[in-house]
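Under our numbering, the first residue of the sequence shown is numbered 20, with each subsequent residue one higher.
For glycine and all other residues, C-beta sits at the position ideal for the given N, C-alpha and C.
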Amino acid sequence: MADALLFHPHTYDPTHFDPETRRLLRATVDWFESRGKRRLIQDYRERAWLADFLEFAGKEGLFAIFLTPAAAAEGQPDKRWDTARIAALNEIFGFYGLDYWYAWQVTILGLGPVWQSENAAARERAAELLSQGEVFAFGLSEKAHGADIYSTDMLLEPAPDGGFLASGSKYYIGNGNAAGLVSVFGRRTDVEGPEGYVFFAADSRHPAYHLVKNVVDSSKYVSEFRLDAYPVAADDVLHTGRAAFDAALNTVNVGKFNLCTASIGICEHAMYEAVTHAHQRILYGRPVTAFPHVRRELTDA
Ligand SMILES: Cc1cc2nc3c(=O)[nH]c(=O)nc-3n(C[C@H](O)[C@H](O)[C@H](O)COP(=O)(O)OP(=O)(O)OC[C@H]3O[C@@H](n4cnc5c(N)ncnc54)[C@H](O)[C@@H]3O)c2cc1C
Numbered sequence: 020m021a022d023a024l025l026f027h028p029h030t031y032d033p034t035h036f037d038p039e040t041r042r043l044l045r046a047t048v049d050w051f052e053s054r055g056k057r058r059l060i061q062d063y064r065e066r067a068w069l070a071d072f073l074e075f076a077g078k079e080g081l082f083a084i085f086l087t088p089a090a091a092a093e094g095q096p097d098k099r100w101d102t103a104r105i106a107a108l109n110e111i112f113g114f115y116g117l118d119y120w121y122a123w124q125v126t127i128l129g130l131g132p133v134w135q136s137e138n139a140a141a142r143e144r145a146a147e148l149l150s151q152g153e154v155f156a157f158g159l160s161e162k163a164h165g166a167d168i169y170s171t172d173m174l175l176e177p178a179p180d181g182g183f184l185a186s187g188s189k190y191y192i193g194n195g196n197a198a199g200l201v202s203v204f205g206r207r208t209d210v211e212g213p214e215g216y217v218f219f220a221a222d223s224r225h226p227a228y229h230l231v232k233n234v235v236d237s238s239k240y241v242s243e244f245r246l247d248a249y250p251v252a253a254d255d256v257l258h259t260g261r262a263a264f265d266a267a268l269n270t271v272n273v274g275k276f277n278l279c280t281a282s283i284g285i286c287e288h289a290m291y292e293a294v295t296h297a298h299q300r301i302l303y304g305r306p307v308t309a310f311p312h313v314r315r316e317l318t319d320a
């Protein structure tokens, strides 16, 4: 029972999933195992950006297959939004490193307002970007306002062509250095109250998108970015008014469950390290795992 219940990198084989899901989950474990613990720790200490990992994920179509809903999959049967396998991948990322998990997590958050949108062109663009191996970002938080998203200072000024020019800055935005699409929350300058909220899609490579810095000292990139008269076309608008606010909260509601299964992976790794260490340590001529009180404590854990 314990064998099947606890993640073990050498025996992991999720047979309860379809062949492609099983292959991708196993390939992810294999990528981390061949990278090796020494390199993973070195990258963590040197705060190396996750380029190699994202290249692996892009080549395998990992995010595209796991995060494209069936409705946007154009008949490709392996692409679907399936919480069971999303949970399984959270557990693996939690086991190997939260910075890897974070790049995936904020991709999920960035996709939230897109998949909930009625804007078919934006959904199509997101599916295409995912299939190209791009990551996504969720631009909700701001430095001055934090949890108080009512007070957003990302301002959208109506432009003569029917779109908007967006100006303002966002803070604590994961993948803001690399995302092919950043879902950004703001409000119109010409409409008072909740009706003025807008969620729109921005491109982190656009010249009006300015990456300021990584606000954390880490491999993950938690960005501050600024938009200066960024042109938001009608095709970039994901939600307006109350729906924009709801999309923000709904997205957080979907994303928060990933914290749970990622945490399980973290705990499993702590257990794995504890057992491995104890088993390899020889005291009084016996491995530490042979002592009854150690066995009892590991069993309790
Ligand atoms: C590592 C990291 C990555 C992040 N990545 C992203 C991201 O990718 N995209 C994104 O949009 N955001 C991201 N965030 C930001 C996150 O959304 C904010 O931290 C969150 O919105 C809270 O804002 P704050 O930290 O400024 O806290 P504050 O707003 O300063 O809140 C401080 C405290 O007051 C409490 N509080 C605030 N308002 C109220 C209220 N009205 N009633 C009762 N209590 C209240 C809060 O719960 C909190 O305990 C990230 C944060 C971190 C730390």
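State buried or exposed for residue i, treating a residue as buried only when at least 16 other CB atoms are found within 10 Å of its CB.
i, result
"E93", "exposed"
"T47", "buried"
"P38", "exposed"
"V154", "buried"
"H258", "buried"
"A263", "buried"
"L302", "exposed"
"A89", "exposed"
"S170", "exposed"
"T30", "exposed"
"G165", "exposed"
"L268", "exposed"
"T17", "Residue 17 is absent from the structure shown; the chain starts at 20 and stops at 320."
"G304", "exposed"
"K56", "exposed"
"Q299", "exposed"
Going by C-alpha to C-alpha distance, which of the options sits closest to residue i?
i, options, result
"A140", "D255, N272, I105 and A83", "D255"
"L24", "E110, D49 and P88", "E110"
"D247", "K78, K275 and K189", "K189"
"F114", "S202, F51 and G195", "F51"
"M173", "D319, Q95, V203 and R45", "V203"
"K275", "K78, Q124 and L81", "Q124"
"D236", "D118, A320 and A166", "D118"
"V307", "R315, P226 and A297", "A297"
"G158", "V133, G182 and N138", "V133"
"E168", "R315, H288 and V217", "The sequence given here has Ile at residue 168, not Glu. If we check each option's Cα against that of I168, V217 comes out closest."
"F26", "W68, G80, F112 and F75", "F112"
Under the three-state reduction of DSSP, which class applies to residue i: helix, strand or coil?
i, result
"E153", "coil"
"S242", "strand"
"D222", "coil"
"K232", "strand"
"V313", "helix"
"F26", "coil"
"F51", "helix"
"A21", "Reliability of the predicted coordinates at A21 is poor, the pLDDT of 47 falling under 50, and no value is obtained from them."
On the DSSP bridge assignment, give the partners of residue i in chain order.
i, result
"T259", "V217"
"I301", "P306"
"A141", "None, per the DSSP bridge assignment."
"G187", "L246"
Do three or more CB pairs link the region 279 to 296 to the region 209 to 219 at distances below 8 Å?
no
Check whether the region 193 to 202 touches the region 130 to 145, taking contact to mean three or more Cβ pairs, one atom from each stretch, closer than 8 Å.
yes
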